[in-house]
Each structure stands twice: as structure tokens, then as C-alpha cells.
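Trainee: Sending over a structure as C-alpha cells; questions will come in a sec.
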Amino acid sequence: MNRLIARVASAILLFGLAWQGAHAADALNGKSLYLNGPVSGGASCASCHGPTPANNVNGILAAANQPSVISNAFAANLGGMGSLFNGKFSAAEIADLAAFIGNPGVTAAPVASLAPTTLTFSGANIGQVSAPLSATLTNTGNATLNIGAISIGGAAVADFALGSGSCANGASIAAGANCTVQATFKPTAAGARVATLTITHNATGGSSAVTLNGTGNATPQATIALSAASVDFGKLLTGTASAVSTITVTNSGQAALNFTAITLGGANASIITRGGSCAVGTAVAAGGSCTVTLQATPTSAGAIAASLTFASNASNGGGAATVNLTGTAAAPAPALSATPSAVAFGSQTIGAAAVSQAVTLANTGNVVLNIASVGVSGSPAVTLSNSNCGSTLAVGANCVATVSFAPTVEGAVTATLAVASNAPALQVGISGAGTTQATAKPVLSETGPVVFADTQVGSSAAEHTTTLGNTGNAALKISTLTLGGSQPGDFVVGGTCAAGASVSSGASCTITTAFKPTAPGARSADLMLVTDSGAQFHLTLNGNGVAVVVTAPSLTISPQSFDYGSVTIGAAAATRRFTLTNSGAAAVTLSAATFSGPFAVVADSTGCAAFPVTLQAGASCDLVIGYAPTNAGASNGTATIQAGAGASWNIALSGQGVTAMPNASPSNHGGGGCSASQDVTDPTLAALLVLSLFVIVWRRRKGDMK
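Quick note on numbering: UniProt numbering labels position 300 of the sequence shown as 300, and the sequence is numbered without any gaps.
Here's what the structure looks like:
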């Protein structure tokens with residue numbers, strides 16, 4: 001009998017050890033299961049044993065790191081646990097529960113894993129840079145891993161350098177994510193070279209390291225390096241040489257660099273002229289350099305594509321190095337524009353002081369504009385009163401010609417402002433009328449253009465104010481005040497001046513303009529004002545829209561739905577923890593949580609702080625939601641988590657409200673799996689164990705008697 005009992009006990013122990021060894025228990029997952037119950041829903045361990053196993057309510061610490069104690073309690077229906085939990089927890093989840101009971105103070109923490117732990121570079125000549133090798137830093141924990149500094153140290157620190165891996169000083173690695181760190185080898189001496197790459201972080205140990213090994217070869221060789229991998233000649237004119245570009249070729253090796261060929265190739269190689277000190281047969285000493293000059297003279301319009309290639313005895317790149325040559329060419333095309341394209345003075349009083357308007361002439365071509373003449377013809381009443389236009393106008397530049405009108409007779413007057421240049425002839429029509437009647441004399445306080453400061457898309461620049469004055473001897477009426485041009489929707493007009501408004505003699509009104517870009521880039525519009533006398537004024541408005549990169553908030557919720565199962569009406573609310581994780585790259589502020597149905601937030605010191613709550617990138621917290629049904633039957637609801645910019649996330653919630661049975665004693669005293677004796681040593685379990693052993697012995701003896 002004793003031997004049989006010992007065998008049974010040994011078998012149980014061996015089974016338990018094998019079962020535990022097959023699964024790396026996760027105490028944090030065990031904590032979630034303990035507080036929330038099975039994933040499929042139902043009662044939780046906390047409802048009976050309290051919020052933490054450390055209090056040892058109902059002797060729960062007997063299951064610390066002992067999955068078999070938990071599974072045996074389920075099998076024996078200890079305290080009603082079998083009816084609640086049998087089949088609802090997997091073996092791995094039972095192991096996680098046992099791990100949490102054994103470590104009730106477990107918290108989320110990062111775990112750093114750096115692999116491989118050794119990087120061995122191929123042998124390299126002294127002074128020659130090897131190809132980079134990489135190691136991967138992985139966060140296998142459940143909290144953000146923060147990188148402090150990445151550095152190389154050790155005896156041969158000068159022989160190794162950090163490469164362009166994705167790991168960076170101060171970077172954060174989310175749970176389950178990784179980054180790479182690169183290193184290169186450039187030996188300074190022959191023989192074995194050893195150093196250590198170290199990454200400091202906030203995980204256990206404080207740092208992770210990779211050993212760097214390499215071997216320096218003593219044979220000196222040349223190494224070629226170029227000051228640029230490409231040359232862009234820019235926008236060129238056919239028949240005109242570009243500016244000279246210079247490429248510096250450096251020998252960073254320990255032996256002389258000898259060129260076997262320096263060649264121009266590609267579709268447009270014939271338009272490139274090469275010069276400089278680099279030449280076949282002229283060696284470049286170790287540590288020395290030479291230069292190559294390049295100049296393009298396109299013969300036809302279109303894109304330029306060519307290349308410059310060096311062939312040499314360099315140990316890197318197979319001895320070859322290439323520079324890509326690009327650019328665009330266009331035929332010379334002088335062009336001239338005028339703003340406004342027509343001048344209207346309207347009716348003016350004979351004998352009154354002349355009125356003036358400015359015309360802006362702009363070189364919109366791709367060559368210098370040669371101006372032969374600027375003049376007015378058609379009527380002596382219209383004159384060119386001023387001009388700052390010289391004999392030439394650079395590409396993109398402008399000048400101003402001012403025309404004046406002083407009628408001497410009644411009737412309509414027409415004239416023309418003509419500009420003769422190497423561009424097509426430009427003529428600006430001028431109109432007006434003379435009258436003996438008193439007339440208004442509209443005058444704008446500026447001729448423009450009005451240039452606004454660079455403004456973010458959707459924002460507004462500071463308002464600009466322009467004054468319309470009336471220096472005449474009669475009132476004027478504004479017939480038209482409108483925006484036109486390329487992007488009128490990007491500008492706003494206000495002020496006291498408006499279509500239909502009158503301005504008395506000697507009075508004035510204001511025009512306010514504002515810039516509110518709807519898209520990035522250069523934006524422009526034309527403000528046109530016309531008076532009842534026919535006078536027209538144009539004011540150019542310019543601005544530059546700046547794009548704003550908006551990072552949408554990103555939130556991951558686990559689980560995204562939950563069924564609380566059956567909950568008695570009037571009993572304490574059943575609770576479930578939902579993990580909110582900021583899975584984006586920037587901090588997110590959760591402004592509120594709203595609910596429909598019999599669901600609400602439950603205050604919990606270990607959960608999320610009160611709303612609004614800000615989560616940094618990679619951070620998380622637990623939102624505890626309770627279910628307290630008020631009516632029998634199915635309950636359905638939604639929890640909505642809200643953030644700025646209209647972002648929101650939903651959690652689907654459900655449950656079943658049941659009515660408590662009158663005058664009925666609770667069959668499962670203490671909730672989710674508690675002993676009726678308030679202790680884990682349920683006498684029923686002991687009786688069952690004795691009975692089972694008796695049956696085993698009886699069957700054994702009966703078999704021996706046969």
C-alpha cells in the first residue's frame with residue numbers, strides 16, 4: 001500500500017514537472033487572467049481571492065509556481081472551481097496563473113536581446129574599410145525598451161566604427177519590436193583586432209554588448225574615394241556652357257593609386273568637357289588627391305545623361321568608381337509680362353492734377369532681357385512719367401513703368417504703353433476720359449505686390465492693410481472689388497472698402513487682405529478694384545503655403561470586445577481590464593471614455609489615470625470596465641475612447657443579467673473557485689483522495705488474487 005501511494009505521488013510529481021517545463025510561464029499574462037478571468041468570459045480569481053494573491057485569501061499561495069495544485073483543484077471541483085473553470089484555461093494559462101501567484105508583484109518590463117553576440121569581419125588591408133556587419137537588438141519584454149547610448153570601446157577602438165543601422169541614441173523600441181546596429185572595420189595595424197560595441201538601455205543589466213573581431217592585412221593597397229557620387233549641371237541653355245564642377249579623387253590607402261582609364265560615357269558624353277589633374281600614368285600618392293573638372297555645353301534641348309568612370313588599382317569597388325552626370329537644357333527664350341495687362345484711368349477732370357498708375361514689367365524667360373525702349377503713344381494726355389527699367393532685365397527680375405493721365409479736352413482717350421526688347425513686343429492698352437465735371441480721384445496707398453510670410457496650410461498669416469483714398473473733388477463709388485488670378489481661394493479680403501461703397505472727396509477706406517493657404521507651395525491672386533468712373537487698380541498678392549505633417553493618433557486595445565457572461569442583478573459589478581497601448585510614433589492624449597449600456601469605468605489604482613490621460617509612444621495602461629446589469633436578459637453596449645482631432649476607438653461589450661434566487665445559499669462561497677471552508681484545504685478533497693487510493697489498492701489486490 002505504501003509503495004503504491006509513493007508510485008502515484010511520484011507519477012503526479014513527474015507529470016507536473018514535465019508540464020511546467022514545456023511552457024515558459026508568463027506571470028504578466030497570469031495577472032491578467034487572475035484579475036479578469038478566462039478569455040472566453042466568466043468569473044475571475046480575484047472575485048474570491050482578492051485583488052492580489054499576496055494576501056493569501058483562502059490559502060491561494062499554496063498554488064505559487066505550482067500549476068498542478070490549480071489543475072487538481074479544478075479537477076476536484078474544489079470550492080466549486082471545477083464548474084466555473086474546467087475547460088476554460090489551457091495548460092499554458094494555468095502555468096501563467098501559478099507564476100503570477102508566485103510573483104504577485106510582477107510588472108511590465110523590457111527585456112533586451114542582442115544577437116549575434118560576436119561580429120567577425122573578413123580580413124581587410126590596413127586602411128581599407130570593410131563591408132558593414134549587423135546585430136539585431138530585440139525587445140522580448142512587455143514594456144518599451146529605451147536606448148541610452150551606442151558606443152565602441154576596447155583595445156582596437158580606432159579600427160571599428162558605427163554604421164547606419166536603425167538603432168539610435170535615445171530611441172525607443174516597443175515590446176516585440178527590434179532595430180539593427182551596424183559596424184565597419186578599418187584596420188590601423190596588422191594582426192587580430194578586437195573591440196566591443198555596447199548599447200546601454202533600461203532593461204535588466206543596463207547594457208548589451210557585441211564583440212567585434214577583425215584581422216588587418218599588412219599588404220599596403222590603394223583605396224579610391226570621390227568627393228561626390230553625382231553632378232547636376234542644373235538648368236542650362238543650348239549653346240551655352242555650364243559652370244565648371246570639380247570632383248576630388250582621394251587615395252585613402254597605403255599604396256599609390258594608379259588610373260588605368262578615365263572615361264566619359266552615356267548618351268550625352270559628347271557635350272561634356274573634362275579637365276583637371278587626374279590622369280592615366282600620373283600616380284596619386286597614399287593620402288594624396290587629384291581633381292577632375294567637368295563642364296557641359298548642350299547642343300539640344302532635353303535631359304542630360306552621362307557618366308564619368310575611373311578604373312584603377314584601388315582595392316575597393318574592384319578598382320572602379322563612377323560619377324553620374326545630369327541636368328536639363330532648353331533653348332533660349334526671352335519673355336516679358338506686364339501687370340496689369342491694361343490700364344484704365346476712368347473719367348478725370350480737365351485741368352486737374354494728373355493721376356498715375358504703375359505697370360510692373362517682369363522677365364519671365366530664361367535669358368537676360370535686353371530692353372530697347374519703353375514709351376507711350378496714342379495721346380498727349382497720357383505720358384510715361386517715370387521708369388526704373390534700364391537696358392537689361394535679369395531672369396526673374398522686374399521693373400516699374402509709371403504712366404500718368406491729364407486730359408485737356410472732353411471725351412474718351414486711348415493710348416498704348418509699348419516695350420521693345422529681344423522678347424516678343426509687349427503692348428499695354430491705356431484708357432481714360434476727360435470731363436469738365438468734378439470727378440473723384442482714387443489713389444491706392446501701394447502698387448504691390450503684397451508678399452505674406454510663409455504660412456502653414458490651414459492657418460492664417462497676419463492681415464495686411466491697403467488704403468484707398470479720394471483726392472478728387474467728387475465722391476467715388478466702388479463698382480467692383482474682387483479676387484482673381486491663380487489661387488483666389490487662398491486669400492481673404494475685408495476692411496471698410498466694399499463693392500457698392502462710396503468714398504467722399506478727401507476721405508478714404510481700407511482694404512484688408514489675409515493669406516490662408518489651402519495647399520503647400522507658391523500661391524498668388526490678383527485683387528482688382530474698379531470705380532464707377534472706370535478707373536481700375538490691380539494689386540498682386542503672393543504667399544507660400546507650408547505643409548504640416550499631422551501624425552494621426554494610433555491606439556491598440558486588447559481585447560477589442562468582451563462578454564462578461566452571467567452576472568447577478570444587484571451584485572458587485574463584474575470587471576475586465578482592457579489594455580490601451582499607444583502604437584504610434586508620437587504621444588497621444590485620450591480625452592474621455594463614454595459608455596452605452598450598463599457598463600462604466602471602475603476606479604483602480606493600478607489602471608489608467610483619470611481622463612484626460614496622455615500615453616507616450618509605446619506606453620500602455622489598463623482601463624478597468626465594470627458590468628452591473630439592472631435588468632434580466634442580454635446586455636449590449638459600447639465603450640468609446642476619444643482623442644483629439646476627432647479620433648476614437650470602440651470596445652464591444654456584452655453580458656447577461658440574471659436574477660438572484662431567493663433564500664438560496666451560495667453554492668460557491670466566495671465566488672470564482674473558493675472552498676466552502678474558506679481555506680484551500682477542503683475536507684471533501686481529502687476524502688476524495690483517500691477514496692481514490694482505496695479503489696486503486698482494492699483493484700491491485702483483486703488482480704493479484706487472479
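Even glycine gets a Cβ: it sits at the ideal position worked out from N, Cα and C.
Is the Cβ-Cβ distance between Gly206 and Thr200 less than 8 Å?
Mentor: yes
Trainee: Kindly identify the DSSP beta-bridge partner or partners of Ala420.
Mentor: Per DSSP, Ser373.
Trainee: Taking 8 Å as the threshold (C-beta atoms), are Leu145 and Ala183 in contact?
Mentor: no
Trainee: How big is the Cα-Cα spacing for Gly489 and Thr518?
Mentor: 8 Å
Trainee: Does the contact criterion of 3 or more C-beta pairs under 8 Å hold for the stretch 178-197 versus the stretch 83-91?
Mentor: When Cβ pairs closer than 8 Å are counted between the two stretches, the stretch 178-197 is seen not to touch the stretch 83-91, the count staying below three.
Trainee: Are the CB atoms of Thr246 and Asn316 nearer to each other than 8 Å?
Mentor: no
Trainee: What separation, rounded to the nearest whole angstrom, lies between the Cα atoms of Ala54 and Tyr34?
Mentor: When rounded, the distance between both Cα atoms is 13 Å.
Trainee: Output needed for Thr219: all residues of its chain with C-beta closer than 7 Å, excluding positions within five of it in sequence on either side, in chain order.
Mentor: Asn125
Trainee: Jot down the residue ranges of each uninterrupted alpha helix (DSSP H) in the stretch 570-632, minimum 4 residues, whole runs only, in chain order.
Mentor: Look at the stretch 570-632 and you find no whole run of alpha helix (DSSP H) that is 4 residues long or longer.
Trainee: Quick check on the burial criterion: 16 or more other C-beta atoms within 10 angstroms. Buried or exposed for Thr630?
Mentor: By the 10 Å Cβ count, Thr630 comes out exposed.
Trainee: Return the bridge partner residues of Gln348 from the DSSP annotation.
Mentor: Gly434
Trainee: Does the Cβ-Cβ distance between Val450 and Thr513 come in under 8 Å?
Mentor: yes
Trainee: Can you list, in chain order, the residues of its chain whose CB lies under 6 Å from that of Thr640, leaving out five sequence neighbours each side?
Mentor: Thr594, Ser648 and Asn650
Trainee: Under 8 Å between the Cβ atoms of Asn77 and Thr136?
Mentor: Annotated as distal: Asn77 and Thr136, with beta-carbon spacing of 8 Å or more.
Trainee: Would Glu93 be called buried (16 or more neighbouring beta carbons within 10 Å of its own) or exposed?
Mentor: buried
Trainee: In terms of residues, what are the limits of the alpha helix (DSSP H) holding Ala73?
Mentor: Pro67 to Ala75
Trainee: Can Ser558 and Gly584 be called in contact, C-beta distance under 8 Å?
Mentor: no
Trainee: Is DSSP giving Ala286 helix, strand or coil here?
Mentor: coil
Trainee: Under 8 Å, do Arg576 and Gly607 count as touching if we go by C-beta distance?
Mentor: no
Trainee: According to the neighbour-count rule (16 or more other Cβ atoms, all chains shown, within 10 Å of its Cβ), is Thr47 buried or exposed?
Mentor: One point to set straight first is that residue 47 is Ser, not Thr, in the sequence displayed. Result: buried.
Trainee: Kindly give me the distance between the Cβ atoms of Asn470 and Val419, rounded to whole angstroms, as I take these residues to be in contact under 8 Å.
Mentor: Their Cβ separation, rounded to whole angstroms, is 31 Å, which puts Asn470 and Val419 out of contact at 8 Å.
Trainee: Got a sec, what are the start and stop residues for the alpha helix (DSSP H) Ile60 sits in?
Mentor: Per DSSP, Ile60 belongs to no alpha helix (DSSP H) and is neither H nor E.
Trainee: Would you identify the three-state DSSP class for Pro187, choosing helix, strand or coil?
Mentor: coil
Trainee: Sort Leu393, Ala344 and Ser387 by Cα distance to Thr414 and report the nearest one.
Mentor: For Thr414, the nearest C-alpha among the options comes from Ala344.
Trainee: So what's Asp26 in DSSP terms, helix, strand or just coil?
Mentor: Per DSSP, reduced to three states, the secondary structure at Asp26 is coil, with no helix or strand assignment.
Trainee: When you compare only the Cα positions, how much space is there between Ile12 and Asn29?
Mentor: Any answer about Ile12 is weak, because its pLDDT of 38 lies below 50 and its placement is not dependable; what the coordinates show is given next. So the alpha carbons of these two residues sit roughly 26 Å apart.
Trainee: Should Gly141 go down as buried or exposed, given a rule of 16 or more other Cβ atoms within 10 Å for buried?
Mentor: When all chains shown are included, Gly141 counts as buried.
Trainee: Since Ser533 and Ala643 are thought to touch, with beta carbons under 8 Å apart, how far apart are those beta carbons, to the nearest angstrom?
Mentor: Their Cβ separation, rounded to whole angstroms, is 58 Å, which puts Ser533 and Ala643 out of contact at 8 Å.
Trainee: With a CB to CB cut of under 6 Å and the five nearest residues on each side skipped, what residues in its chain are close to Thr579?
Mentor: Ser558, Ser620 and Asp622
Trainee: Quick check on DSSP: helix, strand or coil for Asp563?
Mentor: strand
Trainee: Would you call Ala314 buried or exposed, if buried means 16 or more other Cβ atoms sit within 10 Å of its Cβ?
Mentor: buried
Trainee: Could I get the ranges of all uninterrupted beta strand (DSSP E) runs contained in the stretch 458-482, with 3 residues as the minimum, in chain order?
Mentor: 464-470
Trainee: Straight-line CA distance for Ile478 to Ile511?
Mentor: 12 Å
Trainee: Should Pro407 and Gln348 be called a contact, given that it needs their Cβ atoms to be closer than 8 Å?
Mentor: yes
Trainee: Determine whether the beta carbon atoms of Ile430 and Thr447 lie at a separation below 8 Å.
Mentor: no
Trainee: Kindly indicate which three-state DSSP category Ala664 falls into: helix, strand or coil?
Mentor: In this prediction, Ala664 has a pLDDT of 41, which is less than 50 and means its spatial position is unreliable; what the coordinates show is noted afterwards. Residue state, collapsed to three classes: coil.
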